[in-house]
Amino acid sequence: MFIEALEYALDKVDENREPKEKVKYINKAMLTKFIELQMKRDSVKRIRKGNKSTYVKVETDKEQDVWMLMFGKTLKNV
C-alpha cells in the first residue's frame, strides 16, 4: 500500500514547483492515498456531516437481507 500511495503522489506532483512545495505536496497526497487504501482494505466507510467525519466498519451477515437493513422491510413485503 505504501508503494502504491507513493507512486500516486509522485504521479500527481507538479514538477514546476519549488522543491519544498513538492515535498509538502507528496507528503500530503501520499498520506491521503495510504489512508484511503487502508480504509478500502478494512471495509471502513467515511460518513461526513458538516465538518465532522465518522468512520464505520461495515459488517453484514451474508444471510441478512440488505433491504431489510435499509428500510425495515423487504421488497416482498412492499
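For the sequence shown, our numbering gives the first residue as 64, with consecutive numbering after it. Even for Gly, the Cβ is constructed at its ideal location relative to N, Cα and C.
Compute the Euclidean distance between the alpha carbons of residue i and residue j, then round it to the nearest angstrom.
i	j	result
valine 86	leucine 73	10 Å
proline 82	tyrosine 88	10 Å
asparagine 140	glutamate 126	Reliability of the predicted coordinates at asparagine 140 is poor, the pLDDT of 47 falling under 50, and the value obtained from them is presented with this limitation in mind. Answer to the nearest angstrom: the Cα atoms are 18 Å apart.
lysine 91	methionine 131	40 Å
How is residue i classed by DSSP in three states: helix, strand or coil?
i	result
valine 76	coil
lysine 96	helix
valine 86	helix
For residue i, collect the residues of the same chain with a Cβ closer than 8 Å to its Cβ; drop the 5 residues on either side in sequence, then sort them by chain order.
i	result
lysine 94	The question names lysine, yet the displayed sequence has leucine at residue 94. Cβ neighbours of leucine 94 beyond the five flanking positions: Ala68.
Excluding the five sequence neighbours on either side, which residues of its own chain have a C-beta within less than 7 Å of the C-beta of residue i, listed in chain order?
i	result
aspartate 105	Lys120
Quick test of your reading: residue i and residue j, contact by CB under 8 Å. State the CB separation rounded to the nearest angstrom.
i	j	result
arginine 109	tyrosine 118	6 Å
Between the segment 92-106 and the segment 67-82, do three or more beta carbon pairs fall short of 8 Å? yes
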